[in-house]
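Protein chains in written order, with this note's numbering: chain D, 16 to 389; chain B, -15 to 337; chain C, 2 to 104. For each residue, glycine too, the CB sits at the ideal point set by N, CA and C.
This is the structure in structure tokens:
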């Protein structure tokens, strides 16, 4: 595959690893803990495990898996709201596949489906709109979730529904934005991250400018990265080079896809359809101001929250869970007392164990070989 | 059912849709069984409709030294998909389950549960596929059963096939027999069936030319066994894909398995399909692929034998058995990185966000 | 977050609805091209372009020059590493065996 295979070349990987080792050896003196580089995006986490990248790194460099898995940070109460909508007689509830197993306080969408709810897995919000036109007697609700990458697709689908006059389509909007969340993380007192691998596909929409504060205010380097293993290794090297030079800049390793100013058409659609919520709750992290969006008044008729009364009950995460500490990189998954015991992919307590992008599930399934040895 | 003294004229089914009457035990049921099943399965030599098939023990004993016996139920949505249908699956699945145990397949049963409302035409197509596949595999469909259930009580058509076969004298293959140093083989491209089925459901609105690899493997396996006297085990890599089989064998044989990502044979379309949906092809189902474990000194002969067979042209050595942690399957990624290949909890769901 | 995959636009599916067909290794899918279409230009202009597809939407036209530039940097790193290896294996081998730091 073009633009994929070139960035999976083992010879390039070996060369990059050598460079990373060399830099790590130079940085070793006087360093009492590893350099913690956070990849913000769940897609990056997935690639790191899929290609076994952690095992290639010197001990002095480690990836910390950040909060960028939209399925993982969805609070339990929102899953309960989904289930409540999905269980309505008239509703066809359309969702991305990976949201189906996330546990609510009572059940997941998969369990609701087993009990009779009409839950359909789709690849695209466009397919949910097609379901609505093909089933005019039913209410089709699309479970909109994801970061800035996915927001344009649902916004454009809502605009399409408005243009085509599809009245039996609505969106249950759970979109979240990464920038306020990065700020919230950076403002934590004990935040021990030395640099960031920036989310490539979010950046293809928003551009690289919104990250500026990370370098300017917080003096941390960030490199926007692609999703192939070579992309990740090269980006890591770029972060380490900045650290070595005492720099804190925003760089773009993924320039083939990410233009500096993002995608204007996508941003326009997002601005037209969505407005910020005052605050939005993240699983494990609590409420973060300005981190969620909802449909604007002009599109109220496509808003599932307004169309169906949702229970909107806050549900606390299980007290013994350390999801928050893991999400912020303060703790490793295996440090949680429930990891692999009360909380496994079969019976997940926290969402990090559900999605294959969640760092707990990733460690559990693909093997945190380091963690096992520890 | 009593056998009439002389076979009467074949009974014909006139309706176009299956109804509950076809499962009621009366003449409608007789019509269905006669016209759709018996005539297709046994052609002109229509046997007396006994309640059981009967086998000559001496004839069976001449083929080997043990009887193999297996059963499998088939439920698939949609019933018809590129490369096959539920009927081909139902025969191949059971034939392959016998063959991977080192048995020569002899006969199958066919029990069907039909949801009322199924088109007779569709049922005929499925039964014709079963007959054709059974002929190709050299097995008889020797007995069967038919039930019709109310709408909603099953999904269109469920088929259970049970098979008997005779295990070749002296041949002892099994899931517990893998030893460190052995080589893990597959007979061809992985993931075709899983991708074809997921695609045929149409929910994902993707277009591909991928077809199911559904095929009876008895002949390929016979060739493999001849070329590899020391063969340790074989399994067909159906649900859960190659990942499930190697995990099972690692556990049962108390060995480690190390796969080599670069060696996994795969069609570019299946790779593309998996990239789009965020699926891992190691977990996609196959219906014409086996995982075989052979001693290292026989691996070359085994591969050559597989590749000489039409169903094994793309055969490859995909890994080795190790003395690593028992039950643990790892995979060398293309960088020399390493990751664990675990069993999945449930179905693989497309990963989008 | 945000699975995206490169594909090639091979046909216009519906000019008015802004839909094109994308091919990913022989797998085809109709995608929305609003985010990558040049305003006012016919969609036929997009045919042949490589785009990044996310949940049925083409989100970015892949910049082939930028891709080549990234690969060039990578190749240089690769060559430098190979040279280093040749050097350490050859002339300055004794030096390389000395301890790197004196802690």
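A direct Cα-to-Cα measurement between residue 202 of chain B and residue 121 of chain B gives close to 7 Å. Under the 10 Å beta carbon count, residue 278 of chain D is surrounded by 16 or more other beta carbons and is classified as buried.
In the three-state reduction of the DSSP assignment, residue 111 of chain B falls in the helix class.
Burial of residue 270 of chain B is indicated by the presence of at least 16 other C-beta atoms within 10 angstroms of its C-beta.
Neighbours of residue 255 of chain B in chain C, taken as residues whose beta carbon is under 8 Å from its own, are 26 in chain order. Neighbours of residue 142 of chain D across chain C, judged by C-beta separation under 8 Å: 57. Per DSSP, the unbroken beta strand (DSSP E) holding residue 213 of chain D starts and ends at 210 to 214.
Along the region 56 to 74 of chain B, none of the residues has a CB nearer than 8 Å to a CB of chain D.
The alpha helix (DSSP H) runs of length 4 or more contained entirely in the region 214 to 285 of chain B are, from start to end of the chain, 225 to 236 and 252 to 261. Under the 8 Å Cβ criterion, the region 354 to 365 of chain D counts as touching the region 327 to 343 of chain D, having at least three qualifying pairs.
Using a Cβ-Cβ distance cut-off of 8 Å, the region 321 to 333 of chain B and the region 97 to 110 of chain D are not in contact, since fewer than three pairs of beta carbons, one from each stretch, lie closer than that value. Of all residues in the region 26 to 40 of chain D, the ones placed with a Cβ closer than 7 Å to any Cβ belonging to chain B are 28, in chain order. In the structure shown, residue 327 of chain B falls within a coil segment according to DSSP collapsed to helix, strand and coil.
Here residue 203 of chain D is exposed. Its C-beta has fewer than 16 other C-beta atoms within 10 Å. In this model, residue 38 of chain D and residue 70 of chain C are separated by some 23 Å (Cα to Cα). Sequence-distant Cβ neighbours of residue 131 of chain B in its own chain, meaning closer than 6 Å and more than five residues away, are 7 and 97. Out of D:370, D:379 and D:341, the CA that lies nearest to the CA of residue 356 of chain D is found in D:379. The beta carbons of residue 242 of chain B and residue 25 of chain D sit no closer together than 7 Å. Under the three-state reduction of DSSP output, residue 82 of chain D falls in the strand class. For residue 115 of chain D, the C-beta contacts it makes with chain B under 9 Å involve 333, in order along the chain. Counting only runs of 4+ residues, the alpha helix (DSSP H) found wholly inside the region 128 to 175 of chain D occupies 140 to 149, in chain order. Along the region 187 to 202 of chain B, going in chain order, the ones with a CB nearer than 8 Å to a CB of chain D are 187, 188, 189 and 190. Taking 7 Å as the cut-off between beta carbons, none of the residues of the region 76 to 91 of chain C comes near chain B. In the DSSP assignment, residue 183 of chain D forms no beta bridge with any residue.
Listed as beta-bridge partners of residue 89 of chain B by DSSP are B:149. Assigned with DSSP and collapsed to three states, residue 368 of chain D falls in helix. The contact set of residue 137 of chain D on chain B, defined by CB atoms closer than 8 Å, consists of 187 and 188 in chain order. Excluding its 5 nearest sequence neighbours in each direction, residue 168 of chain D has C-beta neighbours in its own chain below 6 Å: 140, listed in chain order. Within the same chain, and ignoring the five residues on either side of residue 84 of chain D in sequence, the residues whose Cβ sits closer than 6 Å to its Cβ are 57, 370, 372 and 373. Residue 307 of chain B has its alpha-carbon roughly 30 Å from the corresponding atom of residue 33 of chain D.
Annotation: residue 149 of chain B to residue 290 of chain B spans about 22 Å, alpha carbon to alpha carbon.
One Cα belongs to residue 49 of chain D, the other to residue 79 of chain D, and the distance between them is close to 11 Å.
Residue 260 of chain B belongs to the set of residues whose beta carbon lies under 7 Å from a beta carbon in chain C. For residue 4 of chain C, the nearest CB of chain B lies under 7 Å from its own CB, placing it at the interface with that chain. Inclusion of residue 268 of chain B and residue 189 of chain B in the CB contact set at 7 Å is not warranted, their separation being larger than that value. Considering only D:377, D:353, D:325 and D:351, the residue with the shortest C-alpha distance to residue 98 of chain D is D:325.
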